[in-house]
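Report on the following structure.
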Amino acid sequence: MIELAPRHKYGLPLMVPVMPASGTFGYGHAYHDLVDLSVLGAIVTNPVSLKARTAARGRRVGVRGDHFVVHTGWPNPGVRRVIRESGRVWERLTVPVIVHLLATQPASVGRAAGMLSGVRGVRGLELGFAATVGIERACAQLSAAVEEGDLPVIAKLPFGRVADLAGPLVDAGADALTLMSPPRAVLPVGEVGPGGSVARFMRGRLYGAALFPMTLHILSQWVGKLDVPVIACGGIASPDDALTCLTLGAAAVQIDALLWRDPGLLEAVARAVVRVQPPVTEIDDAQPHDTEDMEVAP
Amino acid sequence: MARRQTATLRAVRPVPPAWELHLDLEVVPQAGCYVLADLGGPLREPLFPSVVDGDGFSTVVPRGHPATRLLPGSPVDVLGPLGHGFRLAAIGHALDRLLLIAEVDDLPWLQPLYQAAPSVALVVEATTRLRLPAPSRFPPTLELTMVTRDGSTGYLGPIEEDGPAPAGVVRVLPRLRELMAWAECICVAADVVRYPALARLVKDVRYLPQADFAQALVRVSMPCGVGACDICRVTTRHGERHACVDGPVFDLMDFTGESARRVSRSRGGRPHGVNEAIA
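Sequence lines, in order, name chains A and B.
Just so we're aligned, residue 2 is where the first sequence starts under the working numbering, counting upward by one.
Just so we're aligned, residue 33 is where the second sequence starts under the working numbering, counting upward by one.
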C-alpha cells in the first residue's frame, strides 16, 4: 500500500500504485469490458470543468510515425452532470476515483471541488493546469480547490514547468504532484504538395513511447527534491517502464493514451508492480561533470 | 460488449484504386459496425466490413496502407465488433424497398446491404466519371443511379443541390426525391458535413419520417472505441455523442437544427483552438 497524500487529513491510500492518466479512460465505466478495474490502484477521470464544454472543432488527432497529437478541447458535460451520470458507477467501484479538474477560474475550481467533496467513491482531485499558466494564478487555482473542497489535491504539472511551479504549488497545499502533462506539439497532417510544402498542421497534446525518456529525466532531476509524493506520467509503455519509474522514486505511475492501443497494458503493469518490489538503484550519470545529485532512492 | 479477438489475415488483394483485406474472425462486425485493429501504428484503426461471410469479413484500405504489407496468415489483434450498425429491423416490418446513398469513397461500407431487401436502389456520387466503379461491378439486381459532380456521366451532382444544369445533363435531385419517396428505409455513407442537407431533403420529401427511416454512417477517428478519448464526438440534435459507441450509424434526422449549423461551422468555419492551416 502507498500513501499519495500523507499530509492530508484523510490521506489517499492506494493498494497498487498504478492508474490511468486523465483524458484516456473516460469516467470509470468505458473500459469495464476490457480492463479488470479491481487490480488498479485508482481511476483518474477525464477532465471535468464546472460548466459543460463542447468538443474542439476541426481535426482532433494526427499520427506521424510512432507518436500522435490529440486536441479534443476537453469536452465534458460539467461537474454536476458528471456526478449525476457517473456517481453510481464510482460508488460501486472497488478502487478510489480521482476526478481530474480543469484549472479554470479559481472560483469555478473551488465550486467544482466543493461539489465533488462528499461524492461517494471520489477520494481525490487532480488539478490540470494550462501549459502557459502563471505561478500566481496556478497557486490561486490550487488554493481554491484545497480550501473549497475537502479532498486531497494532486497537481498535474504542465510539461517543462516543474522548476517554476512545483515548489509554489506544494507550498500552496498540493498533496502530490503528477509529472507531467503531455507536451504541446505540432504535427504536419496534410499531404505534401508539389512544391514540397505541407498544407496543414495540427497542434495538440503529444503522446508516444518517446516521451518515456523525458519522464525519466524529469523524475531523476526532481523526485528527490520534492517534499510530496510524485506520480510519473508520460510514455510508459510496459511493466518494465513502470517499474523503472518506481525505482527512480515515483510513488505511483499513470498510463497515458498508449492504453488505447493496448487496454491490457494497465492490468499488466498493475500485476507486475504488485509482483515486483523495485530495488534501490543508482543512476549511471552520462555527464560526470554535472553536479546535480543523480543518486536517487525510491 | 467490447471484446478482444485475434483475427487472421486470409488474403490481401488490389481492388483499384484501393486494396481489399479479408480477415477471419470469430465474431464479425455487421454492416456499419467496426473492429479496431492493431496494425502496427501507435493507434488502432477502425475497419468497417465491405463483405461479411461466415468466416470473417473483408474491408478496404487505401493504396500504401501498412496493412497491405502484411502476409496472409498474419494474426491481427482486434477489439470488437464495436458500435451500432445499420438497423434495418428498426423499420418494424419486412423491408421491401431500400435506398442506399454513398459518396464513392464510402461505397464499400454500404456493400453488405446490397441484398438486404428485395428491391435495393443505389445512388453513388463521384467527382468525375473516372472515379466511379464500372457498372459491371455491381449486382444486376441493384437499381443503380450514378452521379458525377462534373456531369461527365450519369446525373449531375452534388446530390443535395438544385439549380440549372448545362444542356444535355440532368440534375439528380428530382430523381433522388423520387427514390426517397419510394424507399422504406434509407442508408447513407458520406462526409458528415453533407448530412444536414440530406436530412432537410428527407424532411421535405417524407412527412414526419419515423425514427431510423434514414440512417447515416459517421466515419471519424475512433482511437479507443469505448467512448473514453472524446476524439470522435459528433454534434447531433441530442447534444454531443460518441461516434464509437453511440454510432457510428446515427439517425440522419439527428443532424438537423442547431446540430446542422455546428456541423457546417466545424467544416468551414474557424476551428476551435489552433487546429487549422498554419502555413
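Yeah, the Cβ is synthetic: ideal placement off N, Cα and C, and Gly gets one too.
The model shown is predicted, which means the values in this text are computed figures rather than measured ones.
- Assignment of residue 236 of chain A by DSSP, reduced to helix, strand and coil, places it in the coil class.
- Of the residues B:162, B:83, B:95, the one whose Cα lies closest to the Cα of residue 65 of chain B is B:83.
- Contiguous alpha helix (DSSP H) elements confined to the segment 77-161 of chain A occur at 80-93, 107-117, 136-149, taking only those with 4 or more residues.
- Bounds of any beta strand (DSSP E) do not take in residue 227 of chain B; it lies within the alpha helix (DSSP H) bounded by 227-237.
- Contact annotation for residue 71 of chain B against chain A: no contact, minimum CB-CB distance about 10 Å [criterion: below 9 Å].
- As for any beta strand (DSSP E) of minimum length 3 sitting wholly inside the segment 16-90 of chain A, the runs are 19-21, 62-65, 68-71, ordered along the chain.
- In this structure residue 72 of chain A is buried. Its beta-carbon is surrounded by 16 or more other beta-carbon atoms within 10 angstroms.
- In the DSSP annotation of this structure, the continuous segment of the beta strand (DSSP E) that includes residue 217 of chain B starts and ends at 217-221.
- Put simply, the segment 7-14 of chain A does not touch the segment 68-86 of chain A. Fewer than three CB pairs are less than 8 Å apart.
- Here residue 274 of chain B carries a strand assignment [DSSP, helix/strand/coil].
- At least 7 Å separates the CB of residue 38 of chain A from every CB of chain B.
- One Cα belongs to residue 162 of chain A, the other to residue 179 of chain A, and the distance between them is close to 12 Å.
- The beta carbon of residue 94 of chain A sits closer than 8 Å to those of 29, 38, 44, 122, all from its chain and outside the five residues before and after it, given in chain order.
- Against chain B, the beta carbon of residue 61 of chain A has neighbours under 7 Å at 253, 263, listed in chain order.
- By the Cβ test, the segment 224-236 of chain B is not in contact with the segment 144-161 of chain B, since fewer than three Cβ pairs between them sit closer than 8 Å.
- The residue among A:207, A:248, A:247, A:250 with its C-alpha nearest the C-alpha of residue 61 of chain A is A:207.
- Residue 139 of chain B has its alpha-carbon roughly 32 Å from the corresponding atom of residue 35 of chain A.
- A residue is called buried when at least 16 other Cβ atoms come within 10 angstroms of its Cβ; residue 203 of chain A meets this threshold and is buried.
- Each of B:267, B:204, B:258, B:188 was checked against the Cα of residue 227 of chain B, and the nearest Cα belongs to B:267.
- Annotated as distal: residue 219 of chain B and residue 254 of chain B, with beta-carbon spacing of 7 Å or more.
- In this structure, residue 216 of chain B and residue 130 of chain B form a Cβ contact; the two beta carbons are roughly 7 Å apart against a cut-off of 8 Å.
- Straight across, the Cα-Cα distance linking residue 159 of chain A with residue 257 of chain B is about 27 Å.
- Within the DSSP secondary-structure output, residue 205 of chain A pairs in a beta bridge with A:186.
- Shortest Cα-Cα distance from residue 266 of chain A to any of A:70, A:218, A:239 involves A:239.
- Here the C-alpha atom of residue 158 of chain B lies approximately 6 Å from the C-alpha atom of residue 179 of chain B.
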